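Visitor:
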Amino acid sequence: MTDKKTYQQPKFSYSRTEVYENCPYRYYLQYIKGHYIPATSLAISYGQIVHKINQIQTETLLSGKPIDYPILKDYFQNVNIPKKSPKDKDGDIFGTNILRRMFPDDWETLDKTGRTFEEKAQAFLERGIYRQEEYLAEHPELKLFAAEMPFEYYFDKVLFTGSIDRVLQYRDDPKHFVIHDLKTSAEAYDDKKLTSPRQMWIYVGALKERFGDDIQVDCEYEFPVAEEMRKAGTKGWEKRCETKMRKILDDIFNENWIAHPSPLCFYCAFCNNNPNQPTEAKNLCPYYSLWTPQDRSFAVRLPWQGIEMDEIQHKKLEQLEALDDEFADEIEEEAAELNDDWDL
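Residue numbering for the sequence shown follows my numbering, starting at 6 and increasing by one per position.
(1) Can you check whether the CB of Phe165 is closer than 9 Å to the CB of Val172?
(2) Using a Cβ-Cβ cut-off of 8 Å (strictly less than) and excluding sequence neighbours within five positions of Ile253, which residues of its own chain qualify?
(3) So what's Thr284 in DSSP terms, helix, strand or just coil?
(4) Grouping DSSP H, G and I as helix and E and B as strand, with all else coil, what is Lys162?
(5) What residue range does the beta strand (DSSP E) around Asp186 cover?
(6) Determine the DSSP secondary structure at Val305, reduced to helix, strand or coil.
(7) Return the CA-CA distance between Lys70 and Asp256, expressed in angstroms with no decimal places.
(8) In three-state terms, what does DSSP make of Leu115?
(9) Going by other Cβ atoms of all chains shown within 10 Å of its Cβ, with 16 needed for buried, is Gln62 buried or exposed?
(10) Expressed to the nearest angstrom, what Euclidean distance is found between the alpha-carbon atoms of Ser302 and Leu67?
(11) Which residue marks the beginning of the beta strand (DSSP E) containing Val222, and which one marks its end?
(12) Alpha helix (DSSP H) containing Met205: first to last residue?
(13) Can you check which of these residues, Tyr33, Tyr36, Ile42, Lys38, is closest to Tyr272 by C-alpha distance?
(14) Which residue marks the beginning of the alpha helix (DSSP H) containing Lys78, and which one marks its end?
(15) Hey, how far is the Cα of Leu130 from the Cα of Gly217?
(16) Just mark Pro266 as buried or exposed, buried being the case when its beta carbon has 16 or more other beta carbons within 10 Å.
(17) Going by C-alpha distance, which of Glu323, Gln324, Gln299, Tyr292 is nearest Tyr33?
(18) With a Cβ-Cβ cutoff of 9 Å, do Met205 and Cys224 count as a contact?
(19) Who are Pro155's beta bridge partners in DSSP?
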């Protein structure tokens, strides 16, 4: 067990290290420069309501009460809990009837599996909402232990904090736990992504820090949208995760902020190509990929030339954006003149 009194590390979440792995410069903007731009999308909001439904179910069963499915279905469709403040962790829970109005175009867009959110929401009401009780009926050897279990895990330079979606325990072996982490992606993870799951590694470390190194922990991802369960971790996975996490933290504390432009930029708040970019995020990143779903380009707005050139690249970006805006205005004026001529 770790002597917590000897530690004065900064607090980290797993998602913070994932941000760094995807793009160190985005990490720099968000966590070093302090540009905390709320991420809003239909996928995120839908994931939040599905997580909330599962949390309510687990807490209800832990209290020994039956799940009232009609009430739960109404909650899934109609709950409306906006954030009270940017730091409010319990807000921004919206039912599907509200999400349908908030994101009308995205709601009917086909995902990679050929389904719309309307179809996925209906499938959840018909089948997915019953998955937790069905799983418990199929695994009578297990009992629920906790829902959204908060944790702290001291590792290397940081203190990892967060909560685990669901923890179960073997009835005949109190030292044997099972972790369930919910992912609301359209498809279940492939085998490659399941070999070394660092998020699960943090969870396992947190449980061992709390209950002792001699416990056994199994890890499973639940995919409510894809309606699948997948076991996580292959032989030697914990050691691989530890090595990779040390490398990520070393890079962070060595201030390696190199930009990694990729198609993911299109969905990033700091990308000017993102059609849903918040106003306050505009021009904060000069290095974004020009890739869009319609034009799968490998070009970037401006090349990375080191953090020491960052201020200069920002000035270039502002000049380029101003020229683009001026050019767009000229096109609109010409188009308006042509329309006037046709009207005459």
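Using N, Cα and C, we set each Cβ at its ideal position, and we do this for glycine too. Keep in mind it's a predicted model, so treat the numbers as computed, not measured.
Guide: Inspection of the coordinates gives the following:
(1) Cβ distance not < 9 Å, so Val172 and Phe165 don't count as in contact.
(2) Shown here for Ile253: same chain residues with a beta carbon closer than 8 Å to its own, the five before and five after excluded, namely Thr22, Tyr25, Glu26 in chain order.
(3) helix
(4) coil
(5) 178-187
(6) Note: Val305 maps to strand in three-state DSSP.
(7) 48 Å
(8) coil
(9) buried
(10) 51 Å
(11) 221-228
(12) Counting along the chain, the alpha helix (DSSP H) containing Met205 begins and ends at 203-216.
(13) Out of Tyr33, Tyr36, Ile42, Lys38, Ile42 has the C-alpha closest to the C-alpha of Tyr272.
(14) 74-83
(15) 39 Å
(16) buried
(17) Tyr292
(18) For Met205 and Cys224, yes; Cβs fall inside 9 Å.
(19) Ser168
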